[in-house]
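Below is one structure, written out as structure tokens; comments come after it.
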DNA sequence: CGCACCCCTTTGTGATCACATAATATAAAG
DNA sequence: CTTTATATTATGTGATCACAAAGGGGTGCG
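Protein chains in written order, with the numbering used here: chain A, 1 to 230; chain B, 231 to 460.
Shown next as structure tokens:
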């Protein structure tokens, strides 16, 4: 199991006891989506996936429907599903929504973060840097995801977290493919600033560092990566 | 078909051509949820709903799963689904998320609103006031929903709108029951302020009026309406 | 009177089948 | 060779069945 799979499993309810088949299928398909295994626009079929995964069409059906509801997949007018293509408009919307919600999640998490959590986040940030240094897209994306979600989860937000998860579910597949094609480049983040804001118990500074972290990473996306229309 | 039904159908894709059975079942169950037809915490069964709606369990199954993904229903550890009870923490989170997203949606919609839209919103606001004056919960909730969603939809936001829809889906059932029990009272809103901000093309003023509109309505909720824990 | 055990029912999950529709390949006509 | 018409296949949707697990109820024992 690749490293990205473990990190992605941080998203949304990982209840090991609750291992219904459709849940496993859901996790697997979601991982495949986030690591660019499906070509955007090309429709995925229930029976095809069922045969690949060695199950009946039933669990696949429910997993696909759930992923459509979470906006990781789109329902075409033909009733078929596919990975949606990324447009500039959608990307800017995703960014705007992230800027609106993630600083909020970080602020709500701050009171619940102790020294051990700061240490854990510091370690994760080091691994993010390692990924950047090596140009390892999987490592970078997985550890960056872990950094953000580990932080936000401290807030125990039952409403805001699922929304952030949905946003990443829509954003990551595109980032994965774009970075795989263009390389990581000289990515900068605001993790250090966020960490020192946490240590100082400075909610405003933390929120601001998260805002900048999102916008920093985003503005480096060349236009050539997007498709034309919705 | 009651008035609330038509307004609620403003939420999420209403494609009349696309009338698969599970879609109709979904719309119907969603309406029942928002009008308090299910007791929070009491589990709803697939077969029970199927019998009530006169279909096989299949479409109900998919509709329920979709509503769970949209957070209108919750999945209990027993694999059963129920309308989640409202807690103070959840309500404050819903409010925070609304304050974060809805002003954003309004700002994005502003450039696309013409005089006809202002006239339509003015008419809807009058109907909202009528609902308040009559103490008609259904009328108030449906027209208030229409007012907000008609405005936000002008922005053609494909990412932010579904998130706002999910928030209302979680909020409205609770409001419905609380207002039915306690009455509308002297509800105040910021619709007039929003309308004049639109006429002046003042994005900041519009965003602020939406913020206040959300917080105004929210702070009037007595604590006695909530349940104890999550 | 309270509590544990057992039986019957209900329920969610997964598999299989049937059908209508959309997609694709094939063939015929220009 | 292109294009249109046709036939064949593939696909989503809905229904039904099988099964294991959870719920509920009643009885017997402590």
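Backbone N, C-alpha and C fix where the C-beta goes; we use that ideal spot for every residue, glycine too.
For chain A, is any of its Cβ atoms less than 8 Å away from the one on residue i?
i             : result
residue 389/B : yes
residue 340/B : no
residue 327/B : yes
residue 448/B : no
residue 301/B : yes
residue 324/B : yes
residue 330/B : yes
residue 455/B : no
Would you identify the three-state DSSP class for residue i, choosing helix, strand or coil?
i             : result
residue 209/A : helix
residue 414/B : coil
residue 305/B : strand
residue 317/B : strand
residue 216/A : helix
residue 200/A : coil
residue 159/A : coil
residue 70/A  : coil
residue 222/A : coil
residue 419/B : coil
residue 11/A  : coil
residue 149/A : helix
residue 294/B : helix
residue 405/B : helix
residue 48/A  : helix
residue 249/B : coil
residue 166/A : helix
residue 235/B : helix
What residues match up with residue i in a beta bridge as DSSP calls it?
i             : result
residue 43/A  : 82/A
residue 227/A : 87/A
Does chain B have any CB closer than 8 Å to the CB of residue i?
i             : result
residue 90/A  : yes
residue 65/A  : yes
residue 19/A  : no
residue 162/A : yes
residue 62/A  : yes
residue 104/A : yes
**Prompt:** Is the number of C-beta pairs between the stretch 142–161 of chain A and the stretch 323–340 of chain B that are closer than 8 Å three or more?
**Reply:** yes
**Message:** With three or more beta-carbon pairs closer than 8 Å as the criterion, would you say the stretch 304–320 of chain B touches the stretch 439–457 of chain B?
**Reply:** yes
**Asked** Hey, is the stretch 191–210 of chain A in contact with the stretch 108–116 of chain A, meaning 3+ C-beta pairs nearer than 8 Å?
**Response** yes
**Asked** Quick one: complete beta strand (DSSP E) runs, 3+ long, within the stretch 318–372 of chain B?
**Response** none
**Item:** Contact between the stretch 124–139 of chain A and the stretch 285–300 of chain B (3+ Cβ pairs under 8 Å)
**Value:** no
**Prompt:** With contact counted as at least three CB pairs below 8 Å, one residue from each stretch, are the stretch 19–31 of chain A and the stretch 54–62 of chain A in contact?
**Reply:** yes
**Prompt:** Would the stretch 438–449 of chain B and the stretch 404–420 of chain B be scored as touching if the rule is three or more Cβ pairs under 8 Å?
**Reply:** yes
**Request:** Tell me, please, whether the stretch 392–402 of chain B touches the stretch 434–443 of chain B by the rule of three or more beta-carbon pairs shorter than 8 Å.
**Result:** no
**Prompt:** Does the count of Cβ pairs from the stretch 400–410 of chain B and the stretch 349–357 of chain B closer than 8 Å reach three?
**Reply:** no
**Sufficient close CB pairs (3 or more, under 8 Å) joining the stretch 98–106 of chain A to the stretch 137–152 of chain A** = yes
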